[in-house]
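Count along the sequence shown from 1, then add 445; that gives the number in my numbering.
Built from N, CA and C at the ideal position, the CB exists for glycine as well.
Note that the structure is a prediction, hence the values are computed from the model and not measured.
To start, the structure itself, in structure tokens.
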Amino acid sequence: MHVGVLKETAPRERRVALVPDAIARLVKAGDTVTVERGAGAAAWFADDAYAAAGATLGDAAAAAAADIVCKVQRPSEPELAVFRNGAVVVALVGREAAASVDALAAHGVALLALERVPRTTRAQAMDVLSSQATVAGYKAALLGASSLARFLPMLTTAAGSLTPAKVLVLGAGVAGLQAIATSRRLGAVVTGFDVRAAAAEEVLSLGAKFLAPEAIADDAATAGGYAKELAEDQQRRVLAAIDGAIVATDLVISTAAIPGKAAPRLITAAMVERMKPGSVIVDVSAETGGNCELTRPGETVEHRGVTIIGPLNLPSGMAMHASQMFSRNVVTLLELLRKDGTLTLDMTDDIVKAMLIRS
446 MHVGVLKETA PRERRVALVP DAIARLVKAG DTVTVERGAG AAAWFADDAY AAAGATLGDA
506 AAAAAADIVC KVQRPSEPEL AVFRNGAVVV ALVGREAAAS VDALAAHGVA LLALERVPRT
566 TRAQAMDVLS SQATVAGYKA ALLGASSLAR FLPMLTTAAG SLTPAKVLVL GAGVAGLQAI
626 ATSRRLGAVV TGFDVRAAAA EEVLSLGAKF LAPEAIADDA ATAGGYAKEL AEDQQRRVLA
686 AIDGAIVATD LVISTAAIPG KAAPRLITAA MVERMKPGSV IVDVSAETGG NCELTRPGET
746 VEHRGVTIIG PLNLPSGMAM HASQMFSRNV VTLLELLRKD GTLTLDMTDD IVKAMLIRS
């Protein structure tokens, strides 16, 4: 199987789809790997490390000539022009899947969309969304802590004692739980919230409080365990619970998301105006519209003394470890696709069937 690795060209993207350790694993299994020069440089993986792992270094055209090409972000139109007809691309698609299908079809390229990995035990090791959400949750907590004008932990000093900061984390998926765990390690008093019944136990297991258990809905999760849109009366209860807690909160980290849809609005402008001056909101869901009404994706704004941060691509900010985790997911997928040494798209396989996008 011939595997190619392309350098990322999307703005703010520093990750690489496969790191040298993964290349060595593929080569040991008999695969041929071509890596575009400089593909890992932004994540601190040098070309020499790829060569030592057994990869051949080349230009973008050489890497794109492989049977299966690995990227973090979906290929751009100029990149597609150098793919060979019949190639398979492994990448994140983003919210523009329909446009991607048309562009891919025009070039005879099939795409395995990493967002579409099923949420099953068998596919867990290929779940890029979960691995990257871990990075995002950790990074969000650090970003919030560094943006506050106060300490997170309680401190007793010669100048007197300082009370710990109060952190509220909205959404207790992978990113939210990591944000809770990191904020707790930094010494904050943390409260978590999610509409899914299963999330309460996970929040409590991390030593955080759980906000408003009465707002939990038994039918708030899909069969795959993701949150879904709430009924109007349930949404009112959720907003009332958040409104009651946010006034005393120093740092809010919002991570709530609904797959394939815009992020749910959980923080209104009126709520922000009731927060203490100097408070901070880190809206991890900014890329899908934001949980806060005042979030501007990619920007940091201040509203009546409250700082609202709308970060984009948080995992790219920790490119080394994010790439290592992403790479392990991709290698596991490639091993699934390898049959007798060749690339095989088995449409009877539930993982392949769920991921494949083609005309």
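Apart from the five residues on each side of it in sequence, which residues of its chain come closer than 7 Å, Cβ to Cβ, to residue 484? Taking the sequence shown and counting its residues from 1, the one referred to as residue 484 is at position 39. In the same chain as residue 484, and ignoring 5 residues on each side of it, the C-beta atoms closer than 7 Å to its own belong to 450, 451, 452 and 461, in chain order.
Excluding the 5 residues flanking residue 533 on each side, which residues of the same chain have their C-beta closer than 6 Å to its C-beta? Position 88 of the sequence shown, counting from 1, holds the residue named residue 533. Excluding positions up to five away in sequence, the list reads 513 and 555.
Taking the CB atoms as reference points, tell me whether residue 515 and residue 535 lie closer together than 7 Å. As a working note, residue 515 is residue 70 in the sequence shown. As a working note, residue 535 is residue 90 in the sequence shown. Yes, these two residues count as a Cβ contact at 7 Å.
For the beta strand (DSSP E) containing residue 512, name the first residue and the last one. One-based indexing of the sequence shown puts residue 512 at position 67. First-last for residue 512: undefined, no H or E at that position.
Would you kindly report the start and end of the unbroken alpha helix (DSSP H) that includes residue 766? As a first step, residue 766 is located in the sequence shown; it is residue number 321 there, counting from the start. The continuous alpha helix (DSSP H) containing residue 766 extends over residues 764 to 782.
Three-state secondary structure (DSSP) of residue 452: The count along the sequence shown starts at 1 and reaches residue 452 at position 7. Three-state DSSP puts residue 452 in coil, outside helix and strand.
With a CB to CB cut of under 6 Å and the five nearest residues on each side skipped, what residues in its chain are close to residue 476? What you label residue 476 is simply residue 31 of the sequence shown in a count that begins at 1. The residues are 446 and 448.
On a CA-only basis, which of 677, 707 and 712 is nearest residue 687? Give me that one, please. Here residue 687 is taken as the residue at index 242 of the sequence shown, counted from 1. Of all alpha-carbon atoms in 677, 707 and 712, the one lying nearest the alpha-carbon of residue 687 is that of 712.
Anticipated Cβ contact below 8 Å, residue 588 with residue 625, distance rounded: Here residue 588 refers to the residue found at position 143 of the sequence shown. Here residue 625 refers to the residue found at position 180 of the sequence shown. That pair is no contact at about 15 Å.
Beta strand (DSSP E) segment containing residue 606, residue limits: Walking along the sequence shown from the start, residue 606 turns up at place 161. Secondary structure note for residue 606: its beta strand (DSSP E) is the uninterrupted segment 605 to 607.
Can you give me the C-alpha to C-alpha distance between residue 728 and residue 690, rounded to a whole angstrom? Sequence index remark: in the sequence shown, residue 728 carries index 283 (1-based). Sequence index remark: in the sequence shown, residue 690 carries index 245 (1-based). The alpha-carbon of residue 728 is positioned some 17 Å away from that of residue 690.
Decide yes or no for the touch test of the region 781 to 791 against the region 752 to 770: beta carbon pairs closer than 8 Å, at least 3 of them. Not touching, per the Cβ criterion.
Measure the alpha-carbon distance for residue 524 versus residue 696 and round it to whole angstroms. Walking along the sequence shown from the start, residue 524 turns up at place 79. Walking along the sequence shown from the start, residue 696 turns up at place 251. Distance between the alpha carbons of residue 524 and residue 696: 41 Å.
Using three-state DSSP, classify residue 631 as helix, strand or coil. Position 186 of the sequence shown, counted from the start, is the residue given in the question as residue 631. Note: residue 631 maps to coil in three-state DSSP.
Closest by CA to residue 492, which one among 585, 678 and 463? The residue labelled residue 492 in the question sits at position 47 within the sequence shown. Of 585, 678 and 463, the residue nearest in Cα terms is 463.
In the DSSP output, which residue or residues are listed as bridge partners for residue 535? Counting from 1 along the sequence shown, the entry for residue 535 is found at position 90. BP columns for residue 535 point to 515 and 557.
Are the CB atoms of residue 636 and residue 622 nearer to each other than 7 Å? Mapped onto the sequence shown, residue 636 falls at position 191. Mapped onto the sequence shown, residue 622 falls at position 177. With respect to residue 622, residue 636 sits apart: the two C-beta atoms are not nearer than 7 Å.
How many Å lie between residue 657 and residue 699 at the Cα? In the sequence shown, the residue the question calls residue 657 occupies position 212. In the sequence shown, the residue the question calls residue 699 occupies position 254. If you draw a straight line from the Cα of residue 657 to the Cα of residue 699, it comes to about 16 Å.
Provide the residue span of the alpha helix (DSSP H) that contains residue 503, from first to last. Here the question's residue 503 lines up with position 58 in the sequence shown. Segment 501 to 503 is the beta strand (DSSP E) holding residue 503; no alpha helix (DSSP H) there.
Look at residue 459 and residue 761 and say whether their C-beta atoms are less than 7 Å apart. Position 14 of the sequence shown holds residue 459. Position 316 of the sequence shown holds residue 761. Against a cut-off of 7 Å, the Cβ pair of residue 761 and residue 459 comes out as a contact.
Residue 802 to residue 769 span [Cα, whole Å]: As a first step, residue 802 is located in the sequence shown; it is residue number 357 there, counting from the start. As a first step, residue 769 is located in the sequence shown; it is residue number 324 there, counting from the start. Roughly 25 Å separates the two Cα atoms.
Buried versus exposed, by CB contacts within 10 Å (16 or more), residue 504: Mapped onto the sequence shown, residue 504 falls at position 59. Here residue 504 is exposed. Its C-beta has fewer than 16 other C-beta atoms within 10 Å.
With a Cβ-Cβ cutoff of 7 Å, do residue 571 and residue 778 count as a contact? Counting from 1 along the sequence shown, the entry for residue 571 is found at position 126. Counting from 1 along the sequence shown, the entry for residue 778 is found at position 333. Here residue 571 is near residue 778, since their CB atoms are less than 7 Å apart.
Whole-angstrom distance between residue 531 and residue 746, CA atom to CA atom: Taking the first residue of the sequence shown as 1, we reach residue 746 at position 301. Taking the first residue of the sequence shown as 1, we reach residue 531 at position 86. So the two alpha carbons sit approximately 46 Å from each other.
Can you tell me whether residue 717 is buried or exposed, with buried defined as 16 or more other CB within 10 angstroms of its CB? Counted from its first residue, the sequence shown places residue 717 at position 272. With a threshold of 16 other beta carbon atoms within 10 Å, residue 717 meets it and is buried.
Neighbour-count burial assignment, residue 796, 16 or more Cβ in a 10 Å radius: Position 351 of the sequence shown, counted from the start, is the residue given in the question as residue 796. Taking every protein chain shown into account, the CB of residue 796 has 16 or more other CB atoms within 10 angstroms, so this residue is buried.
Which runs of the beta strand (DSSP E), 3 residues or longer, sit entirely within the region 732 to 763? Those beta strand (DSSP E) runs which fall completely within the region 732 to 763 and span 3+ residues are 745 to 748 and 751 to 754.
Short check: CB of residue 627 to CB of residue 586, under 7 Å? Here residue 627 refers to the residue found at position 182 of the sequence shown. Here residue 586 refers to the residue found at position 141 of the sequence shown. In contact: residue 627 and residue 586 (Cβ atoms closer than 7 Å).
For residue 773, is the classification buried or exposed, using 16 other Cβ atoms within 10 angstroms of its Cβ as the cut-off for buried? Translated into the one-based positions of the sequence shown, residue 773 becomes position 328. Buried, since its Cβ has 16 or more Cβ neighbours within 10 Å.
What residue range is occupied by the uninterrupted beta strand (DSSP E) comprising residue 699? By one-based count along the sequence shown, residue 699 stands at place 254. That run of the beta strand (DSSP E) goes 696 to 699.
Please state if the CB of residue 616 and the CB of residue 708 are separated by a distance shorter than 7 Å. The residue you call residue 708 lines up with position 263 of the sequence shown. The residue you call residue 616 lines up with position 171 of the sequence shown. No. Outside cutoff.
Could you round the C-beta distance between residue 479 and residue 526 to whole angstroms and report it? I think they count as a contact, below 8 Å. Taking the sequence shown and counting its residues from 1, one reaches residue 479 at position 34. Taking the sequence shown and counting its residues from 1, one reaches residue 526 at position 81. That belief does not hold up - the Cβ atoms of residue 479 and residue 526 are roughly 18 Å apart, past 8 Å.
Is the beta carbon of residue 595 less than 7 Å from the beta carbon of residue 610? Within the sequence shown, residue 595 is the residue found at index 150, counting from 1. Within the sequence shown, residue 610 is the residue found at index 165, counting from 1. Yes, they are a contact pair.
Please name the residue, chosen from 720, 618, 742 and 640, that lies closest to residue 683 on a Cα-to-Cα basis. Start at 1 with the first residue of the sequence shown, and residue 683 comes out as number 238. Per the Cα distances, 640.
Got a sec, what are the start and stop residues for the alpha helix (DSSP H) residue 574 sits in? Stepping through the sequence shown from its first residue, residue 574 is reached at position 129. Per DSSP, residue 574 belongs to the alpha helix (DSSP H) from 573 to 592.
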